[in-house]
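Numbering (my numbering), first residue to last: 230 to 413.
We put the beta carbon where it would ideally sit given N, CA and C, even for glycine.
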Amino acid sequence: MHHVIAPLDDDHVDAAAQLVSEVASALGIDPAGVASAPHLTIASYRGLAPGAAGRAVAAVAATVPPFRVRAHGYGMFVGDSDGDLSLHVMVVRTTPLDRLHARLHAALERTGARMDGLTRPDVWSPHITLLDRGLDPTLLGRAVARLACRPHRSWTVPIDSLAVSTGRPDHALGDPVPLTGPEP
């Protein structure tokens, strides 16, 4: 599975890393073993070479101006097995975010990508992943309990670039492509 992500600015990378470190420390686990590089996944797909994906991303980035999203609160995803667990900060869907998402999906599909069902526009849940590896139900429950006792300020996160990943979102990231579209 390949991904198109919006990398986070340094302040929010640090804020997410601090949350991961705090929770991992409370759980007695190594933060590097449970966390990816903080990001917002915009799309996941298969069947498209990174160069073709990069060209589709660049074409969309040229039509979308930078914008901001609000991230607040925590959520979790569960899958078909215990290893499919993750914990995240929820991102509020807005018109600019939905517009970027839809344009990117359409461009990738036109280029021949097979889009992952969980990032399709009608079911996508934008989020910033905190913990996504090495979790079992007990650790996830303890992590949620820890975060439930901790205040979480709303984050206002700038979305000003996109990047293509050729695997997990923290591996083999292409160079970020800035959003340069005209202001609406």
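Contact between Ala244 and Trp384 is confirmed by a C-beta separation of about 7 angstroms, below the 8 angstroms threshold.
Excluding the 5 residues flanking it on each side, Thr292 has same chain C-beta neighbours closer than 6 angstroms at Gly410, in chain order. DSSP places Val298 inside the beta strand (DSSP E), whose first and last residues are Phe296 to Phe306. By the CB criterion at 9 angstroms, Gly276 and Ser354 fall outside the cutoff. If you draw a straight line from the Cα of Pro350 to the Cα of Gly262, it comes to about 31 angstroms. Nearest in C-alpha terms to Leu337, of all of His231, Ala282, Phe296 and Asp327, is Ala282.
The three-state secondary structure of Thr367, taken from DSSP, is helix. Counted as a single uninterrupted DSSP element, the alpha helix (DSSP H) harbouring Ser254 occupies residues Asp239 to Leu256. Annotation for Leu269: the continuous beta strand (DSSP E) segment containing it runs His268 to Arg275.
For the 9 angstroms CB-CB criterion, Phe296 and Leu269 do not form a contact.
Per DSSP, the unbroken beta strand (DSSP E) holding His232 starts and ends at His231 to Pro236. Using a Cβ distance threshold of 9 angstroms, Ala285 and Ala342 count as a contacting pair. Judged by DSSP secondary structure, Pro325 falls outside any beta strand (DSSP E) and instead within the alpha helix (DSSP H) spanning Thr324 to Arg339. The shortest CA-to-CA distance from Asp239 to any of Leu369, Pro267, Leu326 and Gly280 is the one to Pro267. In the DSSP annotation of this structure, Pro260 is not part of any beta strand (DSSP E), being labelled neither H nor E. The C-alpha of Gly346 lies about 8 angstroms from the C-alpha of Val352.
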